[in-house]
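Note sheet for the following structure.
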Amino acid sequence: MDPVTGQWLAGPTSKPGGAGPGRETPEEQEGLADAEKVNRKVPVIPYVEDTRNILVVKLAEPVERDTAVTLQYALERGIEAEFQLEDSELDTEELPPYEGPRERLLFVESAEGGAGVLRRLQAEPEALARAARKALEIAHFDQLGRDRGAEKQNGDPCEKGCYDCLLSFGNQRHHRAIDRNLVAELLQAFAGGSVGESTPA
Ligand SMILES: [Zn+2]
1 MDPVTGQWLA GPTSKPGGAG PGRETPEEQE GLADAEKVNR KVPVIPYVED
51 TRNILVVKLA EPVERDTAVT LQYALERGIE AEFQLEDSEL DTEELPPYEG
101 PRERLLFVES AEGGAGVLRR LQAEPEALAR AARKALEIAH FDQLGRDRGA
151 EKQNGDPCEK GCYDCLLSFG NQRHHRAIDR NLVAELLQAF AGGSVGESTP
201 A
């Protein structure tokens with residue numbers, strides 16, 4: 001930037017079509033004065049700071065990636081439904097290791113300050129169980145873990161996932177990993193049910 005006039009100056013350009021770090025495309029430089037011709041100039045690096053509530057859920061044992069990814073979205077849906085949040089208010093991200101089994105899930109409240117729901121999940125003993133019960137229901141399981149995906153009220157039976165349960169436009173890149181059958185037992189465990197209990201056919 002030219003500190004005398006306050007005008008942005010054209011910096012080093014990148015090749016057409018690709019902007020690299022600190023470089024601008026020729027289109028971005030259109031109308032900017034040439035930095036080479038200005039005596040006084042200061043570099044300006046824009047950045048943002050952000051404060052958000054996060055919650056890291058650590059499982060007792062690592063699970064396969066597809067299971068972890070499915071569990072993330074199932075719990076996100078369950079939390080949103082149980083605590084009346086919009087889909088945009090809560091987000092979930094993968095944490096490393098990005099390959100192979102993992103044990104941690106990250107939840108992020110989208111708005112600065114947030115709705116405080118992650119704090120409730122941490123502080124209230126029943127909150128996570130409530131969210132998990134809701135998640136089971138959303139994923140077409142009853143509270144005994146029995147699959148109700150074939151008896152869906154609307155549309156086709158649900159196998160691994162559908163837009164009524166765990167799939168959304170926001171998690172499109174994970175659609176191949178998402179399989180609701182992988183998380184029924186885990187959700188039951190979170191919900192306070194016993195794991196591995198045989199269910200009536
Ligand atoms: Zn479904």
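Heads up, the final residue of the sequence shown is numbered 201 in full-length UniProt numbering, and it's a clean run with no missing numbers.
For glycine and all other residues, C-beta sits at the position ideal for the given N, C-alpha and C.
Contact defined as beta carbons within less than 8 Å: I believe residue i pairs with residue j. What is the distance between those atoms, to the nearest angstrom?
i    : j    : result
L128 : S110 : The Cβ separation is near 20 Å, so there is no contact.
G145 : E82  : Between E82 and G145 the Cβ distance is about 18 Å, and since that is not below 8 Å, they are no contact.
L166 : R77  : 6 Å
A115 : L85  : 6 Å
Verify whether the separation of the beta carbon atoms of residue i and residue j is less than 8 Å.
i    : j    : result
A10  : A33  : yes
T70  : D179 : yes
V56  : L106 : yes
N53  : L118 : yes
E132 : F190 : Here residue 132 turns out to be Ala, not Glu, going by the sequence shown. Yes; because the gap between Cβ atoms is below 8 Å, this pair is in contact.
D66  : A139 : no
E94  : D87  : no
T92  : Q122 : no
Measuring CA to CA, which of the options is closest to residue i?
i           : options               : result
T5          : N39, E27, Q29, E30    : N39
L59         : F83, R102, R77        : R102
L187        : D142, P26, H174, R148 : D142
residue 202 : M1, E159, E61         : Here the chain has residues from 1 to 201 only, and residue 202 is not among them.
P3          : P43, E28, T25         : P43
E28         : W8, E49, Y47          : W8
E137        : P62, G161, R120       : G161
E49         : E112, P62, E61, G31   : E112
N181        : Y163, H174, C158, P26 : C158
K134        : R173, G192, E30, D156 : G192
Quick one: does the C-beta of residue i sit closer than 7 Å to a heavy atom of ligand 2?
i  : result
G6 : Absence of ligand 2 is noted for the structure shown, with ligand 1 being the only ligands found.
Subject >> Three or more C-beta pairs below 8 Å linking the stretch 91-98 and the stretch 152-159 >> reply: no
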